[in-house]
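A.B. asks: For the record, the sequence lines run as chains A and B.
Take the first sequence: its position 138, counted from the start at 1, is 770 in our numbering, and no numbers get skipped.
Take the second sequence: its position 142, counted from the start at 1, is 774 in our numbering, and no numbers get skipped.
Glycine is no exception: its CB is placed at the ideal position from the N, C-alpha and C atoms.
Every value quoted in this text rests on a predicted model; they were computed, and no experiment measured them.
The structure's right below; bear with me while I get my questions together.
Number of protein chains: 2
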Amino acid sequence: MADLDFIRKLVIRADTKIVLLVMDGIGGLPMEEGGLTELEAASTPNLDALAASSTCGLTIPISPGITPGSGPGHLGVFGYDPCRYIIGRGVLEALGIDFDLRPQDIAARGNFCSVDTEGRITDRRAGRIPTEKNVELVGLLREKVKLPGVELFIETVKEHRFVLVLRGKGLAGDLTESDPQQLGVPPLPIRPLEGAPHAEASQTTADLVNQFIAQAQQALADQHPANMVLLRGLDKRPAIPSMSEVFGLRAASIAVYPMYRGLAKLVGMTALPSGSTLADEFDTLEKFWPDYDFFYLHFKYTDSRGEDGDFRGKVAVIEEFDTYVPRALDLQPDVVIVTGDHSTPALLKAHSWHPVPTMLYSRYCRCDEAREYSERACARGALGNLNAVDLMPLALANALRLAKFGA
Amino acid sequence: MADLDFIRKLVIRADTKIVLLVMDGIGGLPMEEGGLTELEAASTPNLDALAASSTCGLTIPISPGITPGSGPGHLGVFGYDPCRYIIGRGVLEALGIDFDLRPQDIAARGNFCSVDTEGRITDRRAGRIPTEKNVELVGLLREKVKLPGVELFIETVKEHRFVLVLRGKGLAGDLTESDPQQLGVPPLPIRPLEGAPHAEASQTTADLVNQFIAQAQQALADQHPANMVLLRGLDKRPAIPSMSEVFGLRAASIAVYPMYRGLAKLVGMTALPSGSTLADEFDTLEKFWPDYDFFYLHFKYTDSRGEDGDFRGKVAVIEEFDTYVPRALDLQPDVVIVTGDHSTPALLKAHSWHPVPTMLYSRYCRCDEAREYSERACARGALGNLNAVDLMPLALANALRLAKFGA
Chain A
633 MADLDFIRKL VIRADTKIVL LVMDGIGGLP MEEGGLTELE AASTPNLDAL AASSTCGLTI
693 PISPGITPGS GPGHLGVFGY DPCRYIIGRG VLEALGIDFD LRPQDIAARG NFCSVDTEGR
753 ITDRRAGRIP TEKNVELVGL LREKVKLPGV ELFIETVKEH RFVLVLRGKG LAGDLTESDP
813 QQLGVPPLPI RPLEGAPHAE ASQTTADLVN QFIAQAQQAL ADQHPANMVL LRGLDKRPAI
873 PSMSEVFGLR AASIAVYPMY RGLAKLVGMT ALPSGSTLAD EFDTLEKFWP DYDFFYLHFK
933 YTDSRGEDGD FRGKVAVIEE FDTYVPRALD LQPDVVIVTG DHSTPALLKA HSWHPVPTML
993 YSRYCRCDEA REYSERACAR GALGNLNAVD LMPLALANAL RLAKFGA
Chain B
633 MADLDFIRKL VIRADTKIVL LVMDGIGGLP MEEGGLTELE AASTPNLDAL AASSTCGLTI
693 PISPGITPGS GPGHLGVFGY DPCRYIIGRG VLEALGIDFD LRPQDIAARG NFCSVDTEGR
753 ITDRRAGRIP TEKNVELVGL LREKVKLPGV ELFIETVKEH RFVLVLRGKG LAGDLTESDP
813 QQLGVPPLPI RPLEGAPHAE ASQTTADLVN QFIAQAQQAL ADQHPANMVL LRGLDKRPAI
873 PSMSEVFGLR AASIAVYPMY RGLAKLVGMT ALPSGSTLAD EFDTLEKFWP DYDFFYLHFK
933 YTDSRGEDGD FRGKVAVIEE FDTYVPRALD LQPDVVIVTG DHSTPALLKA HSWHPVPTML
993 YSRYCRCDEA REYSERACAR GALGNLNAVD LMPLALANAL RLAKFGA
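Written as structure tokens, this is what we have:
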């Protein structure tokens, strides 16, 4: 992998446009041995026609055998080494509710949980309380909990989940979690991680978070079943150079779900208002076409149907997506990439480690013999097994946006 | 390559079993241009049937063009970066005779050699003396050579080769060799390597080894032709985390030859008593099936016949191995890998750099279009060209033993 400093020095200006179409969790598996994957079962005339003029391959999101979460999966596709830029769970959760996280904020993923009279955890999710109850408890915490010298944000996510954000000077992440991930024991105190680079600031932050936990316990004492909180993934957002800095691109995201807008904002993309349907997303692409060099368009439902274990449902949403592809092509982008951030086979009902069918079209792509967009066809493509993080340099090259290295 | 610390954090428990079948030196070459390789010429209905439900590829043992010895070849297949964990020649030789090497022992590969009256080497192997003579000379050295404060082991290997082991406190490796690898010059004194991390201990050890050499020369003065010793590859065994620590596996080896048992023990496998034939090895697999999560089964003769330049002989032992494959499959392992530690084409009569035909079967492997286990079919497989060291993470993933990376 060429690192970002290497790429940055080669970037040149060009009047070319790149479209990155991400079908979340697109890669799949046959339900029965010897059968077809979701993508192979789907009728996708437009994607197949594009494959016939593209260079195809399978992208490896992280490294062989590693299943990525949405954060690392997307960072790779955006050209950032997902093992170097680590997104904490708190940050991801904050992005997922469109919270406007600032660079110095400390974010944590919170659970309302149940403890017994001795303070020992009896249910890590408080029986998955309804979201309305969550809203009520968050209101209570906002009213009762006060920390000295920092601004506090407590935000409902869903059911038992909330986000805690501390905003103030001299805070640092690199903290342990309070969730012991088991029952029958009390929550753990928050401490700086061993070898935390800013140990003093991490200690200050840990002290504040422990105060939050103690006050929250008091505020929730009379509640049932949610009478305590657990915190995980306390950290700042990673310091990531923007796509404008490293790739010289005016980049924009088109995504219906907040988390993907958030991930795009982390790498400096402008999050465009994107509506709620695929039609809205492609409308957005057309509307903002003159204004950006790079468009990331995210489609969520391939992943959702995969997570549901709904093979036929995933086939159906792939077919739906296929019908929109011509609208992107009609804009005559210089480079089009179709890929996913990872695989989500309905068979596994979860993200998986399998490489992702990927194709790159440009006037200069050196088209290979793959004639359809599928796992099997891409396995024979000229891109071979490509690290996802190498897609962006390849896109820039095909957009004639990279200068020669060396004389 | 994901490093071991990265993998270790993702490992989860599962009740699944992995079988790793290693045909030593399996990769080959046609004897005549345009002909078939050993594997292609062999009739292997069972391996071919497995290939038809597997994902296939070619594994690169070290990096393109690099021919591995047995040590690095196996370390890679076991999931350990062979360029990071270096096994000295002395250690490998000690493993090869089943010597129970302890972590602090210094092992050296020794040659009996011939020197003239001026002490200049005239034959680096003393005319390859018979092993019986070696045993006699080793007896002489054991009797005459005494070093202060260390326990000394001198062990016959074969012909002119022996192993020297120093056991004691405060010893270190990182030493030069006494064998100048040329004739007409005297053996070199042993010195600490430049930049040796434990320079003082290395100097102490060098002094002791030089005393050994001086005393050995005296003891052998009247012998002919073996009147001196040469030492190479003086080092400790590398500190390698066990497969249990990094992969969470109860791992066992099934191998007829001591060196392969030794390599397996280096990474913390239990070396099962394995008999002396393939039938014995598969008996062992069946007998211990309930007791381990991971079985490494080693077959030596594909390499031996390759080293002999015996194309037909290699074909025959491949066909023999093929008949045993169903016995492994009948145990219903969750993951089966068939590979080699390197190629040994009969044409070259030696290990070679060629990538190794490899297949991985699991319920979740995403079967590709390769329909036989051969160099040509694997070259078209979906695994593509995979670094051997990435096989283990892939096996763990397919055994559902790795958690998602990041949220």
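Closer than 8 Å, Cβ to any Cβ of chain B: which residues of the segment 1000-1033 of chain A, in chain order?
C.D. replies: Correct list: E1007, R1008, A1011, R1012, G1016, N1017.
A.B. asks: Is D732/A a contact residue of the ligand GTP, with contact defined as CB to any heavy atom under 7 Å?
C.D. replies: With respect to the ligand GTP, the structure shown offers nothing to examine, as it has no ligands at all.
A.B. asks: For the segment 1021-1032 of chain A and the segment 923-932 of chain B, state whether three or more C-beta atom pairs, one from each stretch, are separated by less than 8 Å.
C.D. replies: Result no; under three Cβ-Cβ pairs closer than 8 Å.
A.B. asks: When you compare only the Cα positions, how much space is there between A684/A and S906/B?
C.D. replies: Near 53 Å, if we compare the C-alpha coordinates of S906/B and A684/A.
A.B. asks: Alpha carbon to alpha carbon, how far is L866/B from I738/B?
C.D. replies: Distance between the alpha carbons of L866/B and I738/B: 6 Å.
A.B. asks: Starting from the beta carbon of R893/A, find every residue of chain B whose beta carbon is closer than 9 Å, and list them in chain order.
C.D. replies: Here the premise fails: no neighbours, minimum Cβ distance about 16 Å.
A.B. asks: Terminal residues of the continuous alpha helix (DSSP H) containing R944/B?
C.D. replies: Residues 943-961.
A.B. asks: Could you tell me whether the Cβ of I698/A comes closer than 8 Å to any Cβ of chain B?
C.D. replies: It does; some Cβ of chain B falls within 8 Å.
A.B. asks: Answer with buried or exposed for F710/B, where buried requires no fewer than 16 other C-beta atoms within 10 angstroms of its C-beta.
C.D. replies: Its Cβ being crowded by 16 or more others within 10 Å, F710/B is buried.
A.B. asks: For A896/B, which residues from the same chain have a beta carbon less than 7 Å from its beta carbon, with the 5 sequence-adjacent residues on both sides left out?
C.D. replies: If we look at A896/B and ignore the five residues flanking it on each side, its Cβ neighbours are S885, A887, A903, Y928.
A.B. asks: Could you work out which residues of chain B lie near P714/A, taking near to mean beta carbons separated by less than 9 Å?
C.D. replies: Residues of chain B passing the Cβ test: F1037, G1038.
A.B. asks: On a CA-only basis, which of L769/B, Y717/B, G816/B, P696/B is nearest D755/B? Give me that one, please.
C.D. replies: Comparing Cα-Cα distances from D755/B to each of L769/B, Y717/B, G816/B, P696/B, the minimum goes to G816/B.
A.B. asks: Taking only beta-carbon atoms, is I719/A less than 8 Å away from chain B?
C.D. replies: At least one chain B Cβ lies under 8 Å of I719/A.
A.B. asks: Is C999/B buried or exposed, if buried means 16 or more other CB atoms sit within 10 Å of its CB?
C.D. replies: Per the 10 Å Cβ criterion, buried.
A.B. asks: Please classify V899/B: does DSSP put it in a helix, a strand, or coil?
C.D. replies: Coil, per DSSP.
A.B. asks: Does I639/A come out as helix, strand or coil in the three-state DSSP assignment?
C.D. replies: Correct three-state label for I639/A: helix.
A.B. asks: Listed in chain order, which residues of the segment 962-996 of chain B have Cβ atoms closer than 9 Å to some Cβ of chain D?
C.D. replies: Among the protein chains in the structure shown, which are A and B, there is no chain D.
A.B. asks: Residues of chain A with CB closer than 7 Å to the CB of R998/B, please, in chain order.
C.D. replies: Correct list: L661, H986, E1007.
A.B. asks: Just confirm the distance between the C-beta atoms of V1018/B and T669/B, as a whole number of angstroms; I'd bet it's less than 8 Å.
C.D. replies: For the record, residue 1018/B in the displayed sequence is Leu; it is not Val. In fact, because the Cβ distance is near 19 Å, the residues do not count as touching under 8 Å.
A.B. asks: Taking one C-beta from the segment 969-978 of chain B and one from the segment 635-645 of chain B each time, how about it: are there three or more such pairs within less than 8 Å?
C.D. replies: Touching, no.
A.B. asks: Which of the three DSSP states is assigned to D1022/A in this structure?
C.D. replies: Note: D1022/A maps to helix in three-state DSSP.
A.B. asks: In this structure, does DSSP put S994/A in helix, strand or coil?
C.D. replies: Of the three classes helix, strand and coil, the one that applies to S994/A here is strand, per DSSP.
A.B. asks: Please go through the same chain and pick out, in chain order, the residues whose beta-carbon is closer than 8 Å to the beta-carbon of G728/A, but skip the five residues on each side of it.
C.D. replies: If we look at G728/A and ignore the five residues flanking it on each side, its Cβ neighbours are V789, Y889, P890, M891, G894.
A.B. asks: At which residue ranges does the segment 743-796 of chain A contain complete alpha helix (DSSP H) runs of 4 or more residues, listed in the order of the chain?
C.D. replies: Listed in chain order, they are 763-776.
A.B. asks: Using a threshold of 8 Å, state whether the C-beta atoms of L820/A and T808/A are closer than that.
C.D. replies: Yes.
A.B. asks: When burial is assigned at 16 or more other CB atoms within 10 Å of the CB, is P922/B buried or exposed?
C.D. replies: Label assigned to P922/B: exposed.
A.B. asks: Under the assumption that S936/A contacts L863/A (Cβ atoms under 8 Å), give the Cβ distance between them as a whole number of angstroms.
C.D. replies: Wrong, their Cβ atoms sit about 28 Å apart, outside the cutoff.
A.B. asks: Residues in its own chain within less than 7 Å of L1032/B by CB, not counting five upstream and five downstream?
C.D. replies: The answer, listed in chain order, is A646, T648.
A.B. asks: Report the CB separation of G802/B from K868/B in whole angstroms; it is logged as a contact under 8 Å.
C.D. replies: Wrong, their Cβ atoms sit about 12 Å apart, outside the cutoff.
A.B. asks: Label H974/B either buried or exposed according to how many other C-beta atoms from any shown protein chain fall within 10 Å of its C-beta, with 16 as the threshold for buried.
C.D. replies: So H974/B counts as buried.
A.B. asks: Using 8 Å as the threshold, is the C-beta distance between C745/A and A758/A below it?
C.D. replies: Contact: yes.
A.B. asks: So, is G659/A buried or exposed, given that buried needs 16 or more other C-beta atoms within 10 angstroms?
C.D. replies: Buried.
A.B. asks: Which of the three DSSP states is assigned to P824/A in this structure?
C.D. replies: Strand.
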